[in-house]
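If you read the protein sequences in the order shown, they are chains A and B.
Residues in the first sequence are numbered consecutively from 648, following my numbering.
Residues in the second sequence are numbered consecutively from 648, following my numbering.
For every residue, glycine included, the Cβ atom is placed at its ideal position computed from N, Cα and C.
Worksheet: one structure, shown below.
Number of protein chains: 2
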Amino acid sequence: MEGHVLALAGGVGGARLARGLASVLDPERLTVAVNTGDDFEHLGLPVSPDLDTVMYTLAGRANEETGWGVAGETWSFMEALAELGGETWFRLGDKDLATHVERRRMLEVGQTLSQATAALSAALGIRHRIVPMSDAPVRTVVETDEGALAFQDYFVRRRCEPLVSGFRFDGIEAAGPSPGLAAALADKALQAVVICPSNPYVSVAPIVGMADVADFLDARNVPVVAVSPIVGGRAIKGPAAKMMAELGAETDALGIARHYGARIDGMVIDELDAALAPAIRGLGMAVRVAQTVMRSESDSRALAEETLAFAAELGADAR
Amino acid sequence: MEGHVLALAGGVGGARLARGLASVLDPERLTVAVNTGDDFEHLGLPVSPDLDTVMYTLAGRANEETGWGVAGETWSFMEALAELGGETWFRLGDKDLATHVERRRMLEVGQTLSQATAALSAALGIRHRIVPMSDAPVRTVVETDEGALAFQDYFVRRRCEPLVSGFRFDGIEAAGPSPGLAAALADKALQAVVICPSNPYVSVAPIVGMADVADFLDARNVPVVAVSPIVGGRAIKGPAAKMMAELGAETDALGIARHYGARIDGMVIDELDAALAPAIRGLGMAVRVAQTVMRSESDSRALAEETLAFAAELGADAR
Numbered sequence: 648m649e650g651h652v653l654a655l656a657g658g659v660g661g662a663r664l665a666r667g668l669a670s671v672l673d674p675e676r677l678t679v680a681v682n683t684g685d686d687f688e689h690l691g692l693p694v695s696p697d698l699d700t701v702m703y704t705l706a707g708r709a710n711e712e713t714g715w716g717v718a719g720e721t722w723s724f725m726e727a728l729a730e731l732g733g734e735t736w737f738r739l740g741d742k743d744l745a746t747h748v749e750r751r752r753m754l755e756v757g758q759t760l761s762q763a764t765a766a767l768s769a770a771l772g773i774r775h776r777i778v779p780m781s782d783a784p785v786r787t788v789v790e791t792d793e794g795a796l797a798f799q800d801y802f803v804r805r806r807c808e809p810l811v812s813g814f815r816f817d818g819i820e821a822a823g824p825s826p827g828l829a830a831a832l833a834d835k836a837l838q839a840v841v842i843c844p845s846n847p848y849v850s851v852a853p854i855v856g857m858a859d860v861a862d863f864l865d866a867r868n869v870p871v872v873a874v875s876p877i878v879g880g881r882a883i884k885g886p887a888a889k890m891m892a893e894l895g896a897e898t899d900a901l902g903i904a905r906h907y908g909a910r911i912d913g914m915v916i917d918e919l920d921a922a923l924a925p926a927i928r929g930l931g932m933a934v935r936v937a938q939t940v941m942r943s944e945s946d947s948r949a950l951a952e953e954t955l956a957f958a959a960e961l962g963a964d965a966r
Numbered sequence: 648m649e650g651h652v653l654a655l656a657g658g659v660g661g662a663r664l665a666r667g668l669a670s671v672l673d674p675e676r677l678t679v680a681v682n683t684g685d686d687f688e689h690l691g692l693p694v695s696p697d698l699d700t701v702m703y704t705l706a707g708r709a710n711e712e713t714g715w716g717v718a719g720e721t722w723s724f725m726e727a728l729a730e731l732g733g734e735t736w737f738r739l740g741d742k743d744l745a746t747h748v749e750r751r752r753m754l755e756v757g758q759t760l761s762q763a764t765a766a767l768s769a770a771l772g773i774r775h776r777i778v779p780m781s782d783a784p785v786r787t788v789v790e791t792d793e794g795a796l797a798f799q800d801y802f803v804r805r806r807c808e809p810l811v812s813g814f815r816f817d818g819i820e821a822a823g824p825s826p827g828l829a830a831a832l833a834d835k836a837l838q839a840v841v842i843c844p845s846n847p848y849v850s851v852a853p854i855v856g857m858a859d860v861a862d863f864l865d866a867r868n869v870p871v872v873a874v875s876p877i878v879g880g881r882a883i884k885g886p887a888a889k890m891m892a893e894l895g896a897e898t899d900a901l902g903i904a905r906h907y908g909a910r911i912d913g914m915v916i917d918e919l920d921a922a923l924a925p926a927i928r929g930l931g932m933a934v935r936v937a938q939t940v941m942r943s944e945s946d947s948r949a950l951a952e953e954t955l956a957f958a959a960e961l962g963a964d965a966r
């Protein structure tokens, strides 16, 4: 493939595949559009957890242990805030704080989230294009047995404990794709859309739930491939499998395939799940079996190469 | 003395005498009213340098080396901000940041600066009353050969290098004393006002420049004593002596005495400056010679005791 690739990503899993794609594709050939449904204002600062995870990961600065924040982080701010009786349920490291303070400054002077993200990415030495899915606020609300919870309340404060019955994306009707995402969708050179191994309900759904993106996928003329975030019946990271179970879906790659259904042309599943390939093919989509757990940069690169090759084949078949 | 003492304070020198007064006086007997003319918003946060220095000092957490900020501070935030190309001319440590973030949160929900200061003081374990001079914004502007500079621009960014020709306190006409300062001024039990060894132009002038405070001093019925911030012709800390020279004043304790003039009843000068005592007495005020350089807590306590004894004598004389 020589054209452009659009990757749709949430946090850790998305960031790791994006890292692989960035290691394979020249900067002008990749757009990573990132979920902003998890964004929220905390301590007066605009926090964009998925954008930050993707940025830090592409910059080689991600904290691999936590899956969020910066490597070599320090916690003096948080400790002092605790002493003052401040809110400490959402942990902001000293280094990470600089990102939010700078983002706030840029938004305050009227920059869009896209512009702020471009400036932060450049400052972190990232050459590939990371864009928010939208510059308009979309806020994921998790409907649970304890009522509707703002995403971070559910995810961090309540540690994903409440039983999930559904999701709502406040603001999504009014939110259009960011200029970078819109440009990628309109790009004549677009050759593939990759749905990264991110949580389909809370990371991918807000992106593909925007009308312009949904319309694009429905009328697509490029292959759309998803990488399953579920391996061996478990999510690599996060509550995806728990959510699937609570929503009555099969907690495996077949469940993911059913979820995406006609919106994708093919799915990459893990070697562990090879036995599910026939059933997934039975849904009318192509399947590629690969090693999908990305522990290292070379894992990320290998999965990116495999995914791009798979998409290229699907693109060639369609011609 | 059994009554109430009102101390007027700026940063380091004021904080150190306030620490001494707090070690001598029970909490209900002391109000420390602190200059807010240096306050400014930085990186979206409300920074109150003198209030913080007084709070940190009374809490035993002041960074004695720098004269600002918290002991054992770390700088991860600032380093990360520098990498992002953010504004680093005013240094905010990781721990110190928590104070500003909490203050911002409290102001955002409609608390006054007095209320925020009381809450922060309590959280830091301070039992004595530290109050801002006013809850209304007063902003010190330094008139220089490079034009009018906001105080922190002059003080930190330009390192006090421009030549000073005067000062302006924007907002002072509309600013009334904070409730705590007003209560101290109206307190029937008030027995003395202590002007701490702070910069007379930029730390004390904003406080005593408020109409209600000026009127109180003009009509006072309690002794007002000032501790000279100039020792041996030099300021212990900060640009006071440089400012005096540029404004054409004698850069010594006599210059300070002339500056305060009829607004004070007595001045505490350092042993080094004992020779100036007759000239200062010639201005019509009492003089006490003492060891005024406060390196340790016991220095602070000794100077506080000396200053209070001096004020008590002046009060007794006046009866």
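With a 10 Å radius around the Cβ and a threshold of 16 neighbouring Cβ atoms, B/GLN799 comes out buried. Looking at the DSSP output, B/ALA904 shares a beta bridge with no other residue.
Taken in chain order, the unbroken stretches of beta strand (DSSP E) that lie wholly in the stretch 850-910 of chain B and span 3 residues or more are 871-874. Neighbours of A/PHE737 across chain B, judged by C-beta separation under 8 Å, do not exist; the nearest C-beta is about 13 Å away.
8 Å or more divides the Cβ of B/SER723 from the Cβ of B/SER781.
The alpha carbon of B/LEU961 has as its nearest neighbour, out of B/ARG948, B/GLU944, B/MET932, the alpha carbon of B/MET932. Spanning the alpha carbons of A/GLY740 and B/LEU744 requires a straight line of approximately 12 Å. Less than 8 Å divides the Cβ of A/PRO870 from the Cβ of A/GLY913.
Annotated three-state conformation of B/SER943 is coil, per DSSP.
Rounded to whole angstroms, the gap between the alpha carbons of A/THR791 and A/ARG804 is 14 Å.
For B/ILE927, the secondary structure class from DSSP, reduced to helix, strand or coil, is helix. Contact of B/LEU655 with chain A by beta-carbon distance below 8 Å is absent, the smallest such distance being about 26 Å. As a beta-bridge residue in DSSP terms, B/VAL789 pairs with B/LEU796, B/PHE814. Beta-bridge partners of B/MET914 (DSSP): B/ALA873, B/VAL934. Using a Cβ-Cβ cut-off of 8 Å, B/ALA727 is close to VAL717, ASP741, LYS742, ASP743, LEU744, ALA745, THR746 of chain A, given in chain order.
B/ALA900 sits close to B/ILE916, with the two beta carbons spaced by under 8 Å. Under DSSP, the beta-bridge partners assigned to B/VAL778 are B/ALA680. Neighbourhood of B/ALA770 in chain A, by CB distance below 7 Å: GLU730, LEU731, GLY732, in chain order. By the criterion of at least three beta-carbon pairs nearer than 8 Å, the stretch 708-720 of chain B is not in contact with the stretch 675-688 of chain B. In the displayed model, A/ALA763 falls within a helix according to three-state DSSP.
When DSSP states are grouped into helix, strand and coil, A/ALA770 belongs to the helix group. For B/GLU749, the nearest CB of chain A lies under 8 Å from its own CB, placing it at the interface with that chain. DSSP, reduced to helix, strand and coil, places A/PRO693 within a strand of the structure shown. A check of alpha carbon separations from A/ALA822 across A/PHE737, A/GLY719, A/GLY908, A/MET857 identifies A/MET857 as the nearest.
What B/ARG752 touches in chain A, judged by beta-carbon distance under 9 Å, is LEU690, GLY691, GLY733, GLU734, going in chain order. Three or more beta-carbon pairs separated by less than 8 Å link the stretch 762-774 of chain B to the stretch 698-709 of chain B, which places the two stretches in contact. From the listed residues A/ASN868, A/ALA833, A/ALA888, A/GLU808, the smallest Cα separation to A/ASN846 is found for A/ALA888. Residue pairing by DSSP puts A/VAL652 in a beta bridge opposite A/LEU677, A/ALA839.
Assignment of beta-bridge partners to B/VAL717 by DSSP yields B/ALA709.
The beta carbons of B/GLY657 and B/ASN682 sit closer together than 8 Å. According to the DSSP assignment, A/PHE724 belongs to the alpha helix (DSSP H) that extends over 723-730.
For the pair B/LEU810 and B/THR721, the Cα-to-Cα distance works out to about 34 Å. Setting aside the 5 residues that flank it on each side, A/VAL840 is surrounded in the same chain by LEU653, VAL871, each with a C-beta closer than 6 Å to its C-beta; the list follows chain order. Taking the beta carbon of B/LEU828 as reference, no residue of chain A falls within 8 Å; the closest one sits roughly 24 Å away. Counted as a single uninterrupted DSSP element, the stretch harbouring B/ARG805 is not any alpha helix (DSSP H), since DSSP gives it neither H nor E.
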